[in-house]
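In what follows, a single structure is set out as structure tokens and then discussed.
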Amino acid sequence: YTINLTDLSNCDPKLEDPNGVPIHGIFYGGRDSDTMPPVVESLSWEYGIFMGVTIESETTSATLGAVGVRKASPMANLDFLVVPLGKYLKNHRKFGNQLKHCPKVFSTNYFLKGKDGKYLNGILDKKVWVIWAEGRTQGDFDAIETPIGYLPKYDDLKALFKLELDKDYSQEDYTAQFKLKIKKLLDKLDRMEEMYKTEKDIPTFFWEVLTKQRSELKKVLKRYGKDVILPSDLLSK
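Quick note: to get our numbering, add 1105 to the position in the sequence shown (first position is 1).
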């Protein structure tokens, strides 16, 4: 089912502008029930590429085979990659290095679940994640720096939930969604390392980011002496 974009009241008048529009943000989305937070901003363009090519998704009833099987899903686009992954990564980096203003890169995960197996994200919550990301591209929000990227601050999300959804967003919900599960994140890096070892000509920067992220996660684990790190822990460092 399709409609004509020009029939929408909010259609941009510059839709057909041959000069295009500037892109400030790129999103990569996965389906992950137990590891990645709902939204994370990459630390740099290279980290953003790494973020994209290490996306994992769990199979759903809309896919063939068993449900809930975790699979690597580079750029959430693997079925449409027409060049080897190594070349794809190199091209991505080259493209970013040629830009005057590099877009920020974000990962999203709407499938995070709690211990009870229920989703931690509401269906409409993604609107807040996207608006927060858009605000980050405009310098509207501060963020918490972590080994995997920048996380939203609670007060910013609380205000956005109220403004956009008229919803009270609790500290408990925030903590459950954005806590860092260090060992699960390290396990993910191990899976990615094993996968990309089988690929040819993976560029050096990929391995540098993987090594750096693993090192930083281990430092956090050692510093706090616990597997689950709360955003408030990192704010008080």
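C-beta: ideal position from N, C-alpha, C; glycine also.
Bear in mind that the values here come from a model prediction, so they are computed numbers and not experimental data.
Within a Cβ cutoff of 6 Å, which residues of the same chain sit near D1273, ignoring the five residues on either side of it in sequence? If we look at D1273 and ignore the five residues flanking it on each side, it has no Cβ neighbours.
Residue(s) in a DSSP beta bridge with E1250: Beta-bridge analysis with DSSP links E1250 to Y1255.
Going by CA-CA distance only, name the one from D1117, H1129, T1251, M1141 that's closest to L1204. Selection D1117, H1129, T1251, M1141 evaluated against L1204 yields H1129 as nearest (Cα-Cα).
In terms of residues, what are the limits of the beta strand (DSSP E) holding A1177? Taken as a continuous stretch (DSSP letters only), the beta strand (DSSP E) holding A1177 covers 1175–1177.
What residues are listed by DSSP as bridge partners for S1212? The partner list for S1212 (beta bridge, DSSP) reads Y1133, V1145.
Return the first residue and the last residue of the beta strand (DSSP E) that E1121 is part of. E1121 -> no beta strand (DSSP E), and no H or E assigned at all.
Sub-9 Å separation of G1240 and D1261 beta-carbons: In this structure, G1240 lies near D1261, with their beta-carbon atoms less than 9 Å apart.
Run of the alpha helix (DSSP H) containing E1277, from where it starts to where it stops: E1277 -> alpha helix (DSSP H) spans 1276–1283.
Per the DSSP calculation, S1162 is bridged to which residue(s)? According to DSSP, S1162 bridges with R1136, K1176.
With a 10 Å radius around its C-beta and 16 neighbouring C-beta atoms as the bar for buried, classify T1159 as buried or exposed. Counting Cβ neighbours within 10 Å, T1159 comes out buried, since at least 16 surround it.
With respect to the alpha helix (DSSP H) encompassing S1320, which residues constitute its N-terminal and C-terminal limits? First-last of the alpha helix (DSSP H) with S1320: 1309–1329.
Have a look at K1084 and P1143 and give me their C-alpha separation to the nearest angstrom. Look at the range of the chain in this structure, 1106 to 1342, and you will see that residue 1084 is not part of it.
Any idea if D1127 is buried or exposed, counting beta-carbon neighbours within 10 angstroms, 16 or more meaning buried? Checking the sequence, you will find Pro at residue 1127 rather than Asp. P1127 is classed as exposed because its beta carbon has fewer than 16 other beta carbons within 10 Å across all chains shown.
Under 9 Å between C-beta atoms of S1138 and G1173: Note that the C-beta distance between S1138 and G1173 is below 9 Å.
To the nearest angstrom, report how far apart C1116 and L1110 are at their CA atoms. So the two alpha carbons sit approximately 6 Å from each other.
Just mark Y1106 as buried or exposed, buried being the case when its beta carbon has 16 or more other beta carbons within 10 Å. Y1106 should be labelled exposed.
Going along the chain, which residues of its own chain have a beta-carbon closer than 8 Å to the beta-carbon of M1300, five neighbours each way excluded? So the list reads A1177, once near-sequence residues are dropped.
From F1246 to S1320, what distance separates their C-alpha atoms? Answer to the nearest angstrom: the Cα atoms are 27 Å apart.
With which residues is I1334 paired in a DSSP beta bridge? In DSSP, I1334 forms a bridge with L1285.
Which of helix, strand or coil DSSP assigns to K1267: In this structure, K1267 counts as helix in the three-state DSSP scheme.
Among the residues of its own chain, which have a CB less than 7 Å from the CB of L1335, if the five just before and after it don't count? If we look at L1335 and ignore the five residues flanking it on each side, its Cβ neighbours are T1280, K1284.
Hey, V1210 and G1157 are a contact pair by Cβ (cut 8 Å); roughly how many whole angstroms apart? Confirmed, Cβ separation roughly 7 Å.
Given V1145 as reference, the closest of A1248, L1291, D1278 once Cα atoms are compared: Nearest option by C-alpha distance: A1248.
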